Every structure is written in structure tokens, then in C-alpha cells.
Amino acid sequence: MLITSGGRLIVKFCVLASGSSGNCALLATERTRILVDAGLSFAGLTRRLGSLGEAVDTLHAVLVTHEHSDHVAGLARLARRLKIPVYISKLTAPAIDWGENMPHVECFQAGARFVVGDIEVGSFGIPHDAIDPVGFCFHAEGIKIAVATDLGYITESVKFHLRRCDLLLLEANHDLEMLKVGPYPWSVKQRVMSRVGHLSNDGVSDFLLGDFDGFAARLVLGHLSEHNNHPEIVRLVASQALERRRLATPLEIASQSRPTEVYRF
9 MLITSGGRLI
19 VKFCVLASGS
29 SGNCALLATE
39 RTRILVDAGL
49 SFAGLTRRLG
59 SLGEAVDTLH
69 AVLVTHEHSD
79 HVAGLARLAR
89 RLKIPVYISK
99 LTAPAIDWGE
109 NMPHVECFQA
119 GARFVVGDIE
129 VGSFGIPHDA
139 IDPVGFCFHA
149 EGIKIAVATD
159 LGYITESVKF
169 HLRRCDLLLL
179 EANHDLEMLK
189 VGPYPWSVKQ
199 RVMSRVGHLS
209 NDGVSDFLLG
219 DFDGFAARLV
229 LGHLSEHNNH
239 PEIVRLVASQ
249 ALERRRLATP
259 LEIASQSRPT
269 EVYRF
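Heads up: the sequence shown begins at 9 in our numbering, then just goes up one per residue.
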């Protein structure tokens, strides 16, 4: 475990699951533990947190990027069972099936900044075919962590929010050639490739070559398509882009089936 010179753990982050079957990440300080999205079942979330030595009942809040089921499938039950608040865009909240008893919901306007415990949260709009999708920047103890998945392309606004991150979680959903010859109907392929779909490996490469500032101590690429991408293709494309920039940024590919390393700052 990495600790500071004073013997105190500062900030840690782990992608618990990333992909079309469920998305969820843990961000924690000494005082505050939050989930980013809740696409896992309660049992699945409990198991994955347990594998990290974390307990589900120590969570303080859930933050939601958008209403698609792979990001909110376990949300309502989790929030009710733990009696913790859900932070969600005010336009997205009505799209969630909350069941009979709505949990405590804290609505925000996309683009707003707010505080959860000792974590400052900045939200920003992203181009995706959801009602009001957002990415997040988290600031705690001088550390900045950004999450931007489910976006068709990287807008100038998104580029601004991804600057000076200590850790960046970015989508690398599909390889264009694999998508074109893959099993999806053409209408779905068009949606995925659109400017409100998902970010391709080529889109990631373009960002790394032209707009990535190289500041991050860790780059995590996630939300890979099971049918239209492969972790080693993603790793190769991203590594080549980083090498062309002569950047030694450590790279990890997030998985649907297991948590990433726990990143500690």
C-alpha cells in the first residue's frame, strides 16, 4: 500500500467493472467512499469490493453518468438497501426505474460542481445517445481523477476537463474494422460509430497524439466491446500513440470480468 510521508492513505481509485455488461468504479479517501455508476448487481458489487478488502456498507454515495442499463442496473436496490444518496443529472433522474420507494436523490445540472464528503466533483456534458450524459472530474487532497466513457467523440469541452489529471479513465470501445465485420445489425453499427455513440480505438489514438497532455500518472482505457475489440489491440494502439509522443504514461486496460489494480495516490 502506498502511503504518504505522514503515514496516511490519501486517495484511491479502482475500476470494478467496465464494459457493456456493467460499469462501476470506486473512489475513496480516508473519509469518503463513492461509486461511479452502479451497473453491477448488489451481490456482484459486494463480491468485487470484498476482493479489494472493501465493504459495501461503507459506501457514502453513488454518482451516475447516464441512464443506460449497464450503468444503473443495480442502482435502485443499492441506494435503497444502503440508504445512501444518488447524485444524478436532474434530466436523467426521471428516466430511472426507482421501484416503489425512491431513494434519496441529489439532482445536479450537467456542468455543475458539488461536494460529496471531502471530494469535490465537477460534471461535464459528453456526446452520447442518452438523455443528459455526463463525465466527472474528482478533486481530493490535491489529486484529480477524470472519468469519460460512453462518448462518441472527444469535444473541446471534454478535452479541457481531461487536462492535468493524475488518473484518466477513458473509453476505448471498438476497433472500426472489427465493428464493420462484426455480428451487430447495421443500424447498431451506425449508432456505435456515430458522434453520439462510442469512442473507437482510432479516436483514442487521435486524442493521445494531439491533445493528451501527458500529465497523468496512470491512463486506464475501458468500456471495451466484447465483440468488436480486444484488449491487446487497444494496448497496441494506445502504446504506439504514447511512444510517438515519447510519453511513458503507465497504461492499463479495464476489464468486464475483474477489477483493475487499486491506484493509490
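Where a beta carbon is used, it is the ideal one built from N, C-alpha and C, also for glycine.
Predicted, not measured: the structure shown is a model, and the values here were computed from it.
Contact set for residue i: own chain, Cβ-Cβ below 8 Å, skip 5 residues either direction
{"i": "Phe50", "result": "Val64, Gly82, Arg85, Leu86 and Arg89"}
{"i": "Leu224", "result": "A quick correction: the sequence has Ala, not Leu, at residue 224. Cβ neighbours of Ala224 beyond the five flanking positions: Cys173, Asp174, Leu175, Leu176 and Thr257."}
{"i": "Asp105", "result": "Ala84"}
{"i": "Glu75", "result": "Thr100, Ala103, Ile104, Ala138 and Ile139"}
{"i": "Ala260", "result": "Reading the sequence as shown, one finds Glu at residue 260 and not Ala. The answer, listed in chain order, is Arg226, Leu227, Val228, Leu229, Thr268 and Glu269."}
Bridge-paired residues (DSSP) for residue i
{"i": "Lys20", "result": "Ala36 and Arg272"}
{"i": "Ala25", "result": "Cys32"}
{"i": "Glu114", "result": "Tyr95"}
{"i": "Phe144", "result": "Ser131 and Val155"}
{"i": "Val44", "result": "Ala33 and Leu71"}
{"i": "Phe122", "result": "Val129"}
{"i": "Gly230", "result": "Glu179"}
Reduced DSSP secondary structure (H/G/I, E/B, other) of residue i
{"i": "Lys167", "result": "helix"}
{"i": "Val204", "result": "coil"}
{"i": "Glu240", "result": "helix"}
{"i": "Leu177", "result": "strand"}
{"i": "His182", "result": "strand"}
{"i": "Ala63", "result": "coil"}
{"i": "Glu260", "result": "strand"}
{"i": "Asp105", "result": "coil"}
{"i": "Phe220", "result": "coil"}
{"i": "His79", "result": "helix"}
{"i": "Ser265", "result": "coil"}
{"i": "Ser213", "result": "helix"}
{"i": "Gly160", "result": "coil"}
{"i": "Gly190", "result": "coil"}
{"i": "Thr54", "result": "helix"}
{"i": "Ala84", "result": "helix"}
{"i": "Gly15", "result": "Annotation note: pLDDT 49 at Gly15 (below 50); position unreliable, no value reported."}
{"i": "Glu149", "result": "coil"}
{"i": "Val196", "result": "helix"}
{"i": "Ala225", "result": "coil"}
{"i": "Leu255", "result": "coil"}
{"i": "Ser49", "result": "coil"}
{"i": "Arg89", "result": "helix"}
{"i": "Leu10", "result": "At Leu10, the pLDDT of 35 sits below 50, so the modelled position is not reliable; the number obtained from the coordinates is stated separately. Here Leu10 sits in coil by DSSP."}
{"i": "Ala249", "result": "helix"}
Contacts around residue i, its chain only, beta-carbon distance under 7 Å, and the 5 residues preceding and following it disregarded
{"i": "Ser233", "result": "Ser28, Asn181 and His182"}
{"i": "Val23", "result": "Ala33, Leu177, Val228, Gly230, Ala262, Pro267 and Thr268"}
{"i": "Thr12", "result": "With a pLDDT of 39 at Thr12, under the threshold of 50, the modelled position of that residue is not reliable, and the figure given next carries that caveat. Result list for Thr12: Ile18, in chain order."}
{"i": "Phe215", "result": "Ile162"}
{"i": "Ala120", "result": "Ser131"}
Neighbourhood of residue i by C-beta distance below 6 Å, restricted to the same chain and skipping five residues each side
{"i": "Glu114", "result": "Pro93 and Tyr95"}
{"i": "Arg213", "result": "The question names Arg, yet the displayed sequence has Ser at residue 213. Excluding sequence neighbours, Ser213 sits near Val245 and Ala249."}
{"i": "Arg226", "result": "Leu175, Pro258 and Tyr271"}
{"i": "Gly30", "result": "Gly47, Leu48 and Asp78"}
{"i": "Lys98", "result": "Cys115"}
{"i": "Ile151", "result": "Val19, Asp174 and Phe273"}
{"i": "Leu57", "result": "Val64"}
{"i": "Arg199", "result": "Gly205"}
Nearest-angstrom Cβ-Cβ length linking residue i and residue j, presumed shorter than 8 Å
{"i": "Gly143", "j": "His169", "result": "7 Å"}
{"i": "Asn236", "j": "Leu187", "result": "4 Å"}
{"i": "Gly125", "j": "Thr73", "result": "About 19 Å; that fails the 8 Å criterion."}
{"i": "Ile134", "j": "Val155", "result": "Contact doesn't hold; Cβ gap of about 10 Å is too wide."}
{"i": "Gly160", "j": "Ser202", "result": "6 Å"}
{"i": "Arg253", "j": "Leu217", "result": "7 Å"}
{"i": "Val123", "j": "Leu71", "result": "Contact flag wrong, Cβ pair sits at about 12 Å."}
Closer than 9 Å to chain D by CB, residue i
{"i": "Ser59", "result": "This model lacks chain D altogether, as it is built from one protein chain only."}
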